[in-house]
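Undergrad: After the structure tokens below, expect a handful of questions from me.
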Amino acid sequence: MSGISVELESHLSGEITTHCFCWIIRRTDKVVFGFTDHDRTLLIDGVSCEPQTGLSASEAASALGLSVDTAEIEGALSSLAISDGDIERGAFDGASVETFLVNWAAPEQHTLLRSSRIGTISRSGGRFVAELKSSSVDLDKIKGRRITRQCDAQLGDHRCGYNGAAQKGTVVTVLSDREIVVKGLQPPDGNWFRNGKLTLANGGMNVVLAHQPYGEGIRLSLRDAAIPDIMVGDAFALTAGCDKSFAQCKAKFGNVANFRGFPHLPGNDAVYNFADGKGNFDGGPLVR
């Protein structure tokens, strides 16, 4: 192994070893956490690694060349440092994770096994699984723009240029973890906020599946159970739903001049239409 001290290498070569794993998580907001699968606190590079957090690591897959190395950290949300709300609001997205092999009997004997970045985090039944990716993942990032039929701008941003995409309101009733009644919204029609983004003042985010009048307010059906819980009186901002299509940009928002896609490009469907003889190939535009 490269980068291992003589003392740690000698220890690992012995018949009996006292080693464990430690993880140091460095979030993009400069907050640092330390965890270990040992039963007591270990000090690694000046960071106290919290014991018995329920964290465990999967086998790490490494590869030569430019492919992306992967691993996973799985654990229960038993540490006060990692809350379900922090995961939901993306506090750990893009955080770096340093994995150390440590001689817990002599913590100064440790070596850095890998440095990764948190990718996808999934949650189920009070547990979470964080996918770790090597720095090679940067090679997969898209630089510039994609040539697609759909718009690649976000509704209301400087490239979209549409004004009035968001409305503000207040929660007046909580019917369930996915149903709330709000006031302050004035949707032009019954599908205006469908698939719109709901951003709560407490940091929570959600997607609205449907909305309909409910007494003197509007009933919102949410895609996910709210984390943290939505409370009566919570303020929020809700953007209109946009499916990124040319047709909706024209009919719903009247913003065709700022459409950031390429809807006139023929795709595979045009080839298939030519083959079955059902397509219209008069030289006119694909969309109007």
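For the sequence shown, this note's numbering begins at 29 and goes up steadily by one.
For every residue, glycine included, the Cβ atom is placed at its ideal position computed from N, Cα and C.
1) Please name the residue in Arg247, Leu237, Ala181 and Arg54 whose C-alpha comes closest to that of Val210.
2) In its own chain, which residues sit with a C-beta less than 7 Å from the C-beta of Arg173, not counting the 5 before and 5 after it?
3) In the DSSP assignment, the alpha helix (DSSP H) including Gly197 goes from what residue to what residue?
4) If you follow the beta strand (DSSP E) that Ala238 is in, where does it begin and where does it stop?
5) Check whether the Cβ atoms of Asn219 and Val236 sit closer than 8 Å, and answer yes or no.
6) Indicate the three-state DSSP secondary structure (helix, strand or coil) for Ser224 in the structure shown.
7) Identify whether Leu36 lies in helix, strand or coil by the three-state DSSP scheme.
8) Taking the DSSP output, what are the residues bridged to Thr64?
9) Return the first residue and the last residue of the beta strand (DSSP E) that Lys211 is part of.
10) Quick one: what's got a C-beta closer than 7 Å to Tyr242's C-beta in the same chain, skipping five residues either side?
11) Among Asp65, Asp57 and Arg54, whose alpha-carbon lies nearest the alpha-carbon of Cys48?
12) If Ile72 sits next to Thr139, beta carbons under 8 Å apart, how far is it from one beta carbon to the other, in whole angstroms?
13) What number of angstroms, rounded off, separates the C-alpha of Gln214 from the C-alpha of Gly269?
14) Check the C-beta distance from Met259 over to Val200 and give it rounded, since I have them as a contact under 8 Å.
15) Ile146 and Val130 - do their beta-carbons sit closer together than 8 Å?
16) Which of the three DSSP states is assigned to Leu167 in this structure?
17) Using the three-state DSSP reduction, which class does Glu126 fall into: helix, strand or coil?
18) Counting pairs of beta carbons, one from the region 107 to 121 and one from the region 33 to 40, are three or more of them closer than 8 Å?
19) Can you give the Cα-Cα distance for Arg68 and Ile52, rounded to whole angstroms?
20) What does the alpha-carbon distance come out to for the pair Phe120 and Pro256?
21) What residue from Phe61, Val60, Lys278 and Ala253 has the CA that sits closest to Arg206's CA?
22) Please classify Ser150: is it buried, with 16 or more other beta-carbons within 10 angstroms of its beta-carbon, or exposed?
23) Apply the 10 Å Cβ neighbour rule to Glu78 and answer buried if 16 or more other Cβ atoms are within range, or exposed otherwise.
24) On the DSSP letters alone, give me the boundaries of the alpha helix (DSSP H) that Ser279 sits inside.
25) Just the Cα atoms here: how many angstroms apart are Ser273 and Phe61?
26) Would Cys277 pass as a contact of Phe287 if the rule is Cβ separation under 8 Å?
TA: Looking at the atomic coordinates:
1) When the alpha-carbon of Val210 is set against those of Arg247, Leu237, Ala181 and Arg54, the nearest one is in Arg247.
2) Close CB contacts of Arg173 within its chain, under the 7 Å cut and outside five residues either way in sequence, are with Asp180 (chain order).
3) Note, Gly197: premise wrong, no alpha helix (DSSP H); beta strand (DSSP E) at Ala194 to Ser204.
4) Looking at the DSSP string, the run of the beta strand (DSSP E) that includes Ala238 is Met233 to Tyr242.
5) Not closer than 8 Å, so no.
6) In the sequence on display, residue 224 carries Gly and not Ser. Looking at Gly224 - three-state DSSP - the assignment turns out to be strand.
7) In the structure shown, Leu36 sits in a helix (DSSP, three-state: H, G or I).
8) According to DSSP, which records beta bridges pairwise, Thr64 is partnered with Cys50.
9) DSSP places Lys211 inside the beta strand (DSSP E), whose first and last residues are Glu207 to Lys211.
10) Exclusion of the five residues before and after Tyr242 leaves Val209 as the residues of its chain whose Cβ lies within less than 7 Å of its Cβ.
11) It is Asp65 whose Cα lies nearest to the Cα of Cys48.
12) Rounded, the Cβ-Cβ distance is 10 Å, inconsistent with contact.
13) So the alpha carbons of these two residues sit roughly 14 Å apart.
14) Actually they are not in contact, since the Cβ atoms of Met259 and Val200 sit about 11 Å apart, beyond 8 Å.
15) Not a contact, by the Cβ cut-off of 8 Å.
16) In the three-state DSSP reduction, Leu167 falls in the helix class (H, G or I).
17) Note: Glu126 maps to strand in three-state DSSP.
18) Taking 8 Å as the limit for Cβ pairs, the verdict is that the region 33 to 40 does not touch the region 107 to 121.
19) The alpha-carbon atoms of Arg68 and Ile52 are separated by roughly 15 Å.
20) The straight-line gap from Cα to Cα measures roughly 16 Å.
21) Nearest option by C-alpha distance: Ala253.
22) The residue is exposed, with fewer than 16 neighbouring Cβ atoms inside 10 Å.
23) With at least 16 other beta carbons inside 10 angstroms of its own, Glu78 counts as buried.
24) According to the sequence shown, residue 279 is Ala rather than Ser. Element bounds for Ala279: Phe274 to Ala279.
25) Here the C-alpha atom of Ser273 lies approximately 42 Å from the C-alpha atom of Phe61.
26) Contact: yes.
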